[in-house]
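Asks: Counting in my numbering, the sequence shown runs from 193 upward without gaps.
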Amino acid sequence: MAKIHTFTALTNKGKELDFAQFEGKVLLIVNTASKCGFTPQFAGLEQLNAKYRDRGLVVIGFPCNQFAAQDPGSDEEISEFCQVNYGVTFQMMKKVKVNGDDAEPIFRYLKEETGGLLGKSIKWNFTKFLVSRDGQEIKRFAPTTSPEKLEEDIERLLG
């Protein structure tokens, strides 16, 4: 079993989500924010979710308030904002930190596996991690990369 599938994290409803259930699925993990210039990417992420979920794509959003305090709301407020404004149906998680000593463990792992412009740090909201079905291939995308630009890689991983 790949290491990504050994993690658990809390959903925005406070329930533990076991990533072992996603073995054999392609994961798109994104640190999100509801008051960011990139916030409209929620619409593109939801489009990817709708288009590819039946083929095995799982989109997971992790709200984060570490970058210019752009996600200050509660988990409930963030979830409602995403659903009302962007029709988000993919799994939203409990707000987390993605950098620093208290970073969510799955983000420590993803950063370690991929690096990036700031080395082992995440630069900004809407950094995206695309994980293959077996968890062995992880590709990192910058916040400026629109969700639509991930389609070729998603298609390849879905097979």
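All residues carry an ideal CB built from backbone N, CA and C; glycine is no exception.
With distance defined between alpha-carbon atoms, name the residue in A235, G216, N204 nearest to M285.
Replies: Residue N204 is the option with its Cα nearest to M285.
Asks: Where do the ends of the alpha helix (DSSP H) carrying R300 lie?
Replies: Element bounds for R300: 297 to 306.
Asks: Out of Q239, F321, S266, T319, which has the shortest C-alpha to C-alpha gap to F282?
Replies: The shortest Cα separation from F282 among Q239, F321, S266, T319 belongs to Q239.
Asks: Thinking just about the alpha-carbon of each residue, which of R325, E344, D326 is nearest to the one in F333?
Replies: Here the closest residue by C-alpha is E344.
Asks: For F234 and Y278, which I take to be in contact (beta-carbon distance under 8 Å), what is that distance rounded to the nearest angstrom?
Replies: Between Y278 and F234 the Cβ distance is about 4 Å, and since that is below 8 Å, they are a contact.
Asks: Quick one: Cα of L209 to Cα of V250, how far?
Replies: Cα to Cα, L209 sits roughly 13 Å from V250.
Asks: Is A334 helix, strand or coil when you go by DSSP?
Replies: Coil at A334, not helix or strand.
Asks: K287 to D267, Cα distance in whole Å?
Replies: Going from the Cα of K287 to the Cα of D267 covers about 6 Å.
Asks: So what does DSSP say about D210, is it helix, strand or coil?
Replies: Three-state DSSP puts D210 in a strand.
Asks: With DSSP as the reference, please indicate the residues paired to Q283 in a beta bridge.
Replies: DSSP, once it has assigned bridges, lists I252 as partnering Q283.
Asks: Is the beta carbon of F254 sitting closer than 8 Å to the one on N223?
Replies: Against a cut-off of 8 Å, the Cβ pair of N223 and F254 comes out as a contact.
Asks: So the candidates are C274, G229, G248, L220; which of them puts its Cα closest to the Cα of W316?
Replies: Closest option to W316, Cα to Cα, is G229.
Asks: Tell me the rounded alpha-carbon separation between E340 and K243.
Replies: When rounded, the distance between both Cα atoms is 11 Å.
Asks: Kindly indicate which three-state DSSP category N223 falls into: helix, strand or coil?
Replies: Residue state, collapsed to three classes: strand.
Asks: So, with DSSP's three-state summary, where would you put V276?
Replies: If DSSP states are grouped into helix, strand and coil, V276 belongs with the helices.
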